[in-house]
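**Q**
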Amino acid sequence: MADAPVGERRKRQRFVAKRWGSVCFWAKIDGERLPVNDLSLEGFSVPCGAPLVEARTFPFVLQLDGIPDEVRGEAVTMNFVLGADGGVLGCRFVSFEGEGEARLHDWLTIHVIATATVRISESEAAAIVSGPSLV
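In terms of the working numbering, the numbers along the sequence shown are unbroken and rise by one, the last being 201.
(1) Rounded to whole angstroms, what is the Cα-Cα separation between residue 172 and residue 150?
(2) Rounded to the nearest angstrom, what separates residue 175 and residue 193 at their Cα positions?
(3) Below 8 Å, how does it come out for the region 91-101 and the region 125-143: are there three or more Cβ pairs, yes or no?
(4) Under 8 Å, do residue 97 and residue 159 count as touching if we go by C-beta distance?
(5) Give me the Cα-Cα distance between residue 84 and residue 152, rounded to the nearest whole angstrom.
(6) Can you give me the C-alpha to C-alpha distance between residue 146 and residue 115, rounded to a whole angstrom?
(7) Report the rounded CA-to-CA distance for residue 82 versus residue 134, giving the unit in angstroms.
(8) If you compare alpha carbons, which of 80, 103 and 78 is closest to residue 87?
(9) Leaving aside the five residues before and after residue 122 along the sequence, list all residues of the same chain whose C-beta is less than 8 Å from its C-beta, in chain order.
And the structure:
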């Protein structure tokens with residue numbers, strides 16, 4: 067596998083966490099339910115009102131609209147980017163509880179199939195989720 071371009075830390079493809087224009091992935095952090103901006107098998111980002119002061123590890127719960135299961139684990143804050151609508155906090159997964167990583171892979175595979183603009187098979191979607199970043 068070729069090395070990622072200089073300056074690109076992500077090795078896996080990330081996906082916008084919206085379906086048909088609406089947020090469909092959510093993260094519970096410190097008791098607050100936040101809309102997820104983007105998500106991959108490496109991590110996620112959420113809106114945040116204050117700049118990152120220092121990296122910290124925290125428990126998270128991911129939810130997908132319409133699915134009763136949850137993905138739990140620990141993540142670490144990585145960066146904060148100021149934008150026109152406030153800030154975005156980037157987080158990297160540290161660990162998952164139980165089958166959390168496999169469940170997240172399944173969720174992202176379904177998400178890719180549901181949001182693709184061309185017909186795509188489950189195996190093709192799973193390869194996109196597992197494979198290197200295409201950006």
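Just so it is clear, CB atoms sit at the ideal spot from N, CA and C, and this is done for glycine as well.
**A** Reading off the structure:
(1) 33 Å
(2) 9 Å
(3) yes
(4) no
(5) 19 Å
(6) 10 Å
(7) 21 Å
(8) 103
(9) 142 and 143
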